[in-house]
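Participant: Here's a structure for you.
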Amino acid sequence: MAEMPSVREIAALTARLRDLTRPGAVADDAARTEFLADKEALLARIVADQDEQERAEQLAIWHVDDTTTEAGDYREPT
């Protein structure tokens with residue numbers, strides 16, 4: 032399961048953004064590129080965690096476990 036970013040991680044990323052965008056700041060392309068990569072990785076973790084939560088909720092609704100591997104294995108309850 033993807034680990035949700037902590038408040039500390041989000042705050043640190045936000046602080047980096049402020050540093051990169053404050054008036055008079057001189058940020059090189061490498062620093063911007065690194066920030067954008069870190070931001071994308073953090074957002075991907077949030078999305079992955081949400082997808083996993085939705086899958087677990089749907090499996091609970093259908094009363095099945097998470098042992099199937101194909102989308103076609105799931106059937107709506109009758």
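For the record, in the sequence shown the residue sitting at position 54 is 85 according to this note's numbering, with numbers rising by one throughout. Using N, Cα and C, we set each Cβ at its ideal position, and we do this for glycine too.
In chain order, what residues of the same chain have a beta carbon less than 7 Å from the beta carbon of Ala-58, not counting five sequence neighbours either side?
Facilitator: Cβ within range, chain order: Leu-51.
Participant: Following the continuous alpha helix (DSSP H) through Ala-79, name the residue where it begins and the one where it ends.
Facilitator: 60 to 93 is the span of the alpha helix (DSSP H), which, as asked, contains Ala-79.
Participant: Compare the C-alpha of Leu-44 against each of Ala-68, Ala-56 and Gly-55 and name the closest.
Facilitator: Among Ala-68, Ala-56 and Gly-55, the Cα nearest to that of Leu-44 is on Ala-68.
Participant: Arg-49 by DSSP, collapsed to three states: which one?
Facilitator: Three-state DSSP puts Arg-49 in a helix.
Participant: When you compare only the Cα positions, how much space is there between Asp-60 and Leu-48?
Facilitator: Approximately 13 Å between the Cα atoms of the pair.
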